[in-house]
Amino acid sequence: MNKIIDNPLIKIKLSIVRDKETCNAVFYQELTDIAILMSPYIFQDLKLQEVNIETPVSKTKGYEPAEKILFVVILRAGLGFLEGFRKMVPFAKTGFLGMYRDETTLEPHDYYNRLPADLKDYNVYVLDPMLATGGSAIDAVNSLKKAGANKISFIGLVGAPEGLAKLNKTHPEVNVYLASLDEKLNEKGYIVPGLGDCGDRVFGF
């Protein structure tokens, strides 16, 4: 399932993020806000269980999550996307996958892996703002499946049709959520119109 989240506030904030004149601090804040705005669409089917609580007035029924959530951040750009989702889903755990892209071959390479010991009971959400060639997303899903995950979704900010098609073909069971599906990839593997290198724009270099 592919879901392009259509929300006017996201469109406004995404326009700020795309603008090359937007400074690092504002860029990061807008990423956080977009993640917050995307969350209700992504977690609208979250399973709940009833619990007994007591308000200052009376006893009543409340709710808590009935499933385990794991965010897996693809370093380093994914860090800029994490805070907003953690604010909305504070009960989730967080894992990390470190990858870099070879500038010549455009292929991803792993350098760091920090995940819970057993992933089979988690709903896993991969966080990476950019779905460009699809290589990093596919590599991340491969790593998660090897670690036992069987319920995996990908959450991105902007994607290219080429990368989305490749991810869908390789892992058709993975749900994909994006704020925008852009026009294409250029010859350097960057999304057009995109927003440049997300990691560089979050961290300043």
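The numbering of the sequence shown is our numbering, which starts it at 7 and goes up by one.
Cβ coordinates follow ideal geometry from the N, Cα and C atoms, glycine included.
Relative to the C-alpha of residue 48, which candidate in 75, 55, 66 has its C-alpha closest?
In the sequence shown, counting from the first residue as 1, residue 48 sits at position 42. Checking every option, the nearest Cα to that of residue 48 belongs to 75.
Name the two residues that bound the continuous alpha helix (DSSP H) containing residue 68.
For this step, residue 68 is matched to residue 62 along the sequence shown. Note, residue 68: premise wrong, no alpha helix (DSSP H); beta strand (DSSP E) at 65-71.
Beta carbon proximity, residue 173 to chain B, threshold 8 Å
As a matter of chain content, chain B is missing from the structure shown, which is built from one protein chain.
Can you tell which of 61, 180, 37, 69 has its C-alpha closest to the C-alpha of residue 146?
The residue you call residue 146 lines up with position 140 of the sequence shown. Among 61, 180, 37, 69, the Cα nearest to that of residue 146 belongs to 180.
May I ask which residues mark the beginning and end of the alpha helix (DSSP H) holding residue 208?
Position 202 of the sequence shown, counted from the start, is the residue given in the question as residue 208. From DSSP, the alpha helix (DSSP H) with residue 208 extends over 204-209.
At which residue ranges does the stretch 79-158 contain complete alpha helix (DSSP H) runs of 4 or more residues, listed in the order of the chain?
85-94, 141-152
Does the separation of the CB atoms of residue 104 and residue 125 fall below 8 Å?
As a first step, residue 104 must be located in the sequence shown, where it is residue number 98. As a first step, residue 125 must be located in the sequence shown, where it is residue number 119. No, these two residues do not count as a Cβ contact at 8 Å.
Would a C-beta distance cut-off of 8 Å place residue 91 and residue 133 closer than the cut-off?
For the purposes of this step, residue 91 is taken as the residue at position 85 of the sequence shown. For the purposes of this step, residue 133 is taken as the residue at position 127 of the sequence shown. Contact flag set, yes.
Alpha carbon to alpha carbon, what distance is there between residue 166 and residue 189?
Here residue 189 corresponds to residue number 183 of the sequence shown, with the count starting at 1. Here residue 166 corresponds to residue number 160 of the sequence shown, with the count starting at 1. Taking the straight line joining both Cα atoms gives about 6 Å.
Would you report the Cα separation of residue 10 and residue 63, rounded to the nearest angstrom?
Here residue 10 refers to the residue found at position 4 of the sequence shown. Here residue 63 refers to the residue found at position 57 of the sequence shown. Each residue's Cα considered, the two are about 42 Å apart.
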